[in-house]
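S.K.:
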Amino acid sequence: MSLVVPGASPVAIYPVLQHLIDLKDGGWKFLPMEPGHDYLDGFHTWSGGWTDSLRVKGEGDALGIRTDRDNSIVWEFAGSLIEVVHEFLVLPHPSDRLAPHLAKGRGPGV
């Protein structure tokens, strides 16, 4: 039994992929998956040194963080891919007065 339907789009087979495509269309970049790693990393950089980052281990296991120019975490949310993408979409622009600005911790080193 084949799991791939000939001629079907990947989004038709895996609708959750549309959320990653929406982020990519919004300027997000995704790093190539490396052998032995079971996650996908993506990020969006803002002016002023702010960065939104996403790590996806599975449809139900994702983490989103926003870091400031000092790489301090000012916002984080863990949940399903759909939940995390939704939270990024409603998160105010870093320059917005309602955006989170107080550091909660340090971001991962690059």
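Under this note's numbering, residues 6 to 115 are what the sequence shown spells out, in order.
Backbone N, C-alpha and C define an ideal beta-carbon position, used for all residues, glycine too.
For the alpha helix (DSSP H) holding H49, just list the boundary residues, first then last.
M.R.: Run containing H49: none in the alpha helix (DSSP H); it sits in the beta strand (DSSP E), 45-50.
S.K.: Helix, strand or coil for K34, going by three-state DSSP, please let me know.
M.R.: Looking at K34 - three-state DSSP - the assignment turns out to be strand.
S.K.: Under a Cβ-count criterion, where at least 16 other Cβ atoms within 10 Å of its own Cβ denotes burial, should I26 be classed as buried or exposed?
M.R.: Answer is exposed; the Cβ neighbour count stays below 16.
S.K.: Could you say which of R71, E39, D30 lies nearest to L107 if we only look at CA atoms?
M.R.: When only C-alpha atoms are compared, the closest one is R71.
S.K.: Whole angstroms are fine: how far does the CA of K62 sit from the CA of D73?
M.R.: Cα to Cα, D73 sits roughly 24 Å from K62.
S.K.: Report the residue from H42, D57, Y44, L103 whose alpha carbon sits nearest the alpha carbon of K34.
M.R.: K34 has its Cα closest to that of D57, out of H42, D57, Y44, L103.
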